[in-house]
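S.K.: When you read off a place in the sequence shown, starting at 1, and then add 1, the result is the number in the numbering used here.
The beta carbon of each residue, even a glycine, is placed where N, CA and C say it ideally should be.
All of these numbers come straight from a predicted model, not from anything done at the bench.
Could you have a look at this structure, given as structure tokens, before my questions?
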Amino acid sequence: MVIKAIVEWKNPFIRSVSHVVFFPLSLLFGIAAQFRNKLYDFRIFKSLRCNTFIIGVGSLSVGGSGKTPLVEFLAELLARRGLKIGVISNGYGKKSTGAVVVSDGKNQLTDVYIAGDEAYLMAVNFQKSNLHIPVISGSDRICAVRILQNKFNVDVIILDDAFQYRKIKKSIEFIAQDYFESAYPLMTLPSGRLREFKSNMQRADALIITKSPEGTDEKQLSNRWQREAYISHYFPAALQRWFDDVEFPLITLTQKKILLFSALGYNTSFQSGITELCSSYQAQIVRVIEFQDHHWYTEDDLRKMLRLIPEENSSDYIILTTQKDVVKLKPEWLPKKYREAAYFIKSEFSLDSQIQFENMIKISHIVRNNKTKSTLR
Numbered sequence: 002m003v004i005k006a007i008v009e010w011k012n013p014f015i016r017s018v019s020h021v022v023f024f025p026l027s028l029l030f031g032i033a034a035q036f037r038n039k040l041y042d043f044r045i046f047k048s049l050r051c052n053t054f055i056i057g058v059g060s061l062s063v064g065g066s067g068k069t070p071l072v073e074f075l076a077e078l079l080a081r082r083g084l085k086i087g088v089i090s091n092g093y094g095k096k097s098t099g100a101v102v103v104s105d106g107k108n109q110l111t112d113v114y115i116a117g118d119e120a121y122l123m124a125v126n127f128q129k130s131n132l133h134i135p136v137i138s139g140s141d142r143i144c145a146v147r148i149l150q151n152k153f154n155v156d157v158i159i160l161d162d163a164f165q166y167r168k169i170k171k172s173i174e175f176i177a178q179d180y181f182e183s184a185y186p187l188m189t190l191p192s193g194r195l196r197e198f199k200s201n202m203q204r205a206d207a208l209i210i211t212k213s214p215e216g217t218d219e220k221q222l223s224n225r226w227q228r229e230a231y232i233s234h235y236f237p238a239a240l241q242r243w244f245d246d247v248e249f250p251l252i253t254l255t256q257k258k259i260l261l262f263s264a265l266g267y268n269t270s271f272q273s274g275i276t277e278l279c280s281s282y283q284a285q286i287v288r289v290i291e292f293q294d295h296h297w298y299t300e301d302d303l304r305k306m307l308r309l310i311p312e313e314n315s316s317d318y319i320i321l322t323t324q325k326d327v328v329k330l331k332p333e334w335l336p337k338k339y340r341e342a343a344y345f346i347k348s349e350f351s352l353d354s355q356i357q358f359e360n361m362i363k364i365s366h367i368v369r370n371n372k373t374k375s376t377l378r
């Protein structure tokens, strides 16, 4: 069973009753988070100031807000401008302890179990793009920062999922919020999906709305979140087979039956996007299976899902998931007859008003007077 915030429950009666029952707990959760923030605001809890330019990427919400694609976008953007970038993931769910060097920028140094799915995924994508970006995984961000400073001599460090991590002072901080989340009441856990009160968004330098459809009303979303918002998109670009680099056009979906599965922080958002995509190609989603975020798949998991495909018309089916899920699957688990029917969605991140966004990073670098070893260009 996948545990979801109450706002995501489908039964409206149970959802309404639960809101009333759990409201006091949500209020207490928000107050506790606010109290912790004040301890940092009043410097009772100290934040370490680094001599490296630190970019924090996080979210008010739990899981699935599009932080990792934003981190990859930022890292590539700055790396292609000649800066040495390092990325730190919190390594949530990894089967190891301490700070782990997942990649030195050229070679993959650990497997997905030791790295954690998100850190491993970023390392794979950076290597494919030949960006030479080292990736560190671990909850001890201070240790990870020191590794990047001392071993890799980076100019800029990007902290993934770091909005609530205040032990390190960030030079600039971004919040990512899923476009589809605006349909839900903005409440703290367990009633809502927020980790702290919405008012704390003012702590960030910019809000990026992720996975926005074309034609999104920027002003409407800014009013909803009560601050200026940058609109970003994460559009499906192609299908890619699970265990090779062969890509296929989206038209491959035409009139196919889709077995869809995922283990994401916000499965609902992924399912909504794929439903819209399939409608464009007269494809039919016949089964949807969802797992808890960071779920570690077993061969039995895959075997059970494949049993849902009728033997007599298996050629009509496509098995569809995300790249984050595929990195946790093993090639030997997939029967040969399904290897040409198993794909993940390859998506592309884009940002409206990108020039203004880049200028904000440059200005922040100048104003905050960080002692970076290179100048942001």
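Would you mind sorting F262 into buried or exposed? The rule is 16 or more other CB atoms within 10 Å of its CB.
M.R.: Here the question's residue 262 lines up with position 261 in the sequence shown. So F262 ends up on the buried side.
S.K.: What did DSSP end up calling S19 once you bin it into helix, strand or coil?
M.R.: One-based indexing of the sequence shown puts residue 19 at position 18. Helix.
S.K.: Going by Cα to Cα distance, which pick from I56, M306 and N91 is closest to C144?
M.R.: Working through the sequence shown from its first residue, we reach residue 144 at position 143. Measuring from the Cα of C144, the nearest candidate turns out to be N91.
S.K.: I need the straight-line Cα distance from V22 to V8, nearest angstrom please.
M.R.: Mapped onto the sequence shown, residue 22 falls at position 21. Mapped onto the sequence shown, residue 8 falls at position 7. One Cα belongs to V22, the other to V8, and the distance between them is close to 13 Å.
S.K.: Between the C-alpha atoms of I159 and T211, what's the straight-line distance to the nearest angstrom?
M.R.: Taking the sequence shown and counting its residues from 1, one reaches residue 159 at position 158. Taking the sequence shown and counting its residues from 1, one reaches residue 211 at position 210. Those two C-alpha atoms are separated by around 18 Å.
S.K.: Name the DSSP bridge partner or partners of S62?
M.R.: Here residue 62 refers to the residue found at position 61 of the sequence shown. Bridge partners of S62: L195.
S.K.: Would DSSP call S27 helix, strand or coil?
M.R.: Locating residue 27 in the sequence shown gives position 26, where the first residue counts as 1. Note: S27 maps to helix in three-state DSSP.
S.K.: Go ahead and label Q178 buried or exposed: buried means 16 or more other beta carbons lie within 10 angstroms of its beta carbon, across all protein chains shown.
M.R.: As a first step, residue 178 is located in the sequence shown; it is residue number 177 there, counting from the start. When all chains shown are included, Q178 counts as buried.
S.K.: Take the Cβ of R196 as the centre, count every other Cβ of all protein chains shown within 10 Å, and call the residue buried at 16 or more, exposed below.
M.R.: The residue given as residue 196 occupies position 195 in the sequence shown. It counts as buried.
S.K.: Take F175 as the anchor and find which of F181, Q165 and A184 has the nearest alpha-carbon.
M.R.: Locating residue 175 in the sequence shown gives position 174, where the first residue counts as 1. Nearest of F181, Q165 and A184 to F175, Cα basis: Q165.
S.K.: Expressed to the nearest angstrom, what Euclidean distance is found between the alpha-carbon atoms of L330 and A264?
M.R.: To locate residue 330, count along the sequence shown from 1; it is residue 329. To locate residue 264, count along the sequence shown from 1; it is residue 263. Computed Cα separation, rounded: 12 Å.
S.K.: How about W243 and V328: do their beta carbons lie closer than 7 Å?
M.R.: Working through the sequence shown from its first residue, we reach residue 243 at position 242. Working through the sequence shown from its first residue, we reach residue 328 at position 327. For W243 and V328, no; Cβs fall outside 7 Å.
S.K.: Do you know offhand how far L71's Cα is from L78's?
M.R.: Here residue 71 corresponds to residue number 70 of the sequence shown, with the count starting at 1. Here residue 78 corresponds to residue number 77 of the sequence shown, with the count starting at 1. Cα to Cα, L71 sits roughly 10 Å from L78.
S.K.: Answer with buried or exposed for F36, where buried requires no fewer than 16 other C-beta atoms within 10 angstroms of its C-beta.
M.R.: For this step, residue 36 is matched to residue 35 along the sequence shown. It counts as exposed.
S.K.: Three or more C-beta pairs under 8 Å: does that hold for the segment 330–341 against the segment 215–234?
M.R.: no
S.K.: Counting pairs of Cβ atoms below 8 Å between the segment 94–114 and the segment 132–139, do you hit three or more?
M.R.: yes
S.K.: By how many angstroms is the C-alpha of L149 removed from the C-alpha of K47?
M.R.: For the purposes of this step, residue 47 is taken as the residue at position 46 of the sequence shown. For the purposes of this step, residue 149 is taken as the residue at position 148 of the sequence shown. Approximately 22 Å between the Cα atoms of the pair.
S.K.: Less than 7 Å between the C-beta atoms of V287 and K257, yes or no?
M.R.: Your numbering for residue 287 matches position 286 in the sequence shown. Your numbering for residue 257 matches position 256 in the sequence shown. The answer is no: Cβ separation not under 7 Å.
S.K.: Under a Cβ-count criterion, where at least 16 other Cβ atoms within 10 Å of its own Cβ denotes burial, should A184 be classed as buried or exposed?
M.R.: Numbered from its first residue, the sequence shown carries residue 184 at position 183. Exposed, since its Cβ has fewer than 16 Cβ neighbours within 10 Å.
S.K.: Looking at the strands, I want to know which residues DSSP matches up with V72.
M.R.: The sequence position of residue 72 within the sequence shown is 71, counting from 1. BP columns for V72 are empty, so no partner.
S.K.: State the DSSP-derived secondary structure class of I4, mapped to helix, strand or coil.
M.R.: Numbered from its first residue, the sequence shown carries residue 4 at position 3. In the structure shown, I4 sits in coil (DSSP, three-state: anything other than H, G, I, E or B).
S.K.: Report the rounded CA-to-CA distance for R142 versus E248, giving the unit in angstroms.
M.R.: The count along the sequence shown starts at 1 and reaches residue 142 at position 141. The count along the sequence shown starts at 1 and reaches residue 248 at position 247. Spanning the two alpha carbons is a distance of roughly 36 Å.
S.K.: Please list the terminal residues of the continuous alpha helix (DSSP H) segment that includes R147.
M.R.: For the purposes of this step, residue 147 is identified with residue 146 of the sequence shown, where counting begins at 1. Taken as a continuous stretch (DSSP letters only), the alpha helix (DSSP H) holding R147 covers R142 to F153.
S.K.: Name the two residues that bound the continuous alpha helix (DSSP H) containing G87.
M.R.: The count along the sequence shown starts at 1 and reaches residue 87 at position 86. Counting along the chain, G87 falls outside any alpha helix (DSSP H), though it belongs to the beta strand (DSSP E) covering I86 to S90.
S.K.: Is L278 closer than 7 Å to I320 when the C-beta atoms are compared?
M.R.: Taking the sequence shown and counting its residues from 1, one reaches residue 320 at position 319. Taking the sequence shown and counting its residues from 1, one reaches residue 278 at position 277. No. Outside cutoff.
S.K.: Answer with buried or exposed for I45, where buried requires no fewer than 16 other C-beta atoms within 10 angstroms of its C-beta.
M.R.: One-based indexing of the sequence shown puts residue 45 at position 44. Label assigned to I45: exposed.
S.K.: Looking at V247 and the ligand SAH, is the gap between the Cβ and the nearest heavy atom below 6 Å?
M.R.: This structure lacks the ligand SAH; in fact it carries no ligand of any kind.
S.K.: For the putative contact between I15 and A76, defined by C-beta atoms under 8 Å, what is the C-beta separation to the nearest angstrom?
M.R.: Walking along the sequence shown from the start, residue 15 turns up at place 14. Walking along the sequence shown from the start, residue 76 turns up at place 75. Wrong, their Cβ atoms sit about 42 Å apart, outside the cutoff.
S.K.: Please identify the residue among G274, F198 and N201 whose C-alpha is closest to the C-alpha of Y235.
M.R.: Here residue 235 corresponds to residue number 234 of the sequence shown, with the count starting at 1. For the residues G274, F198 and N201, the minimum Cα distance to Y235 belongs to G274.
S.K.: By Cβ distance below 7 Å, which residues in the same chain neighbour P237 in space, the five residues on each side in sequence not counted?
M.R.: Here residue 237 corresponds to residue number 236 of the sequence shown, with the count starting at 1. Excluding positions up to five away in sequence, the list reads L251, L278, I346 and S348.
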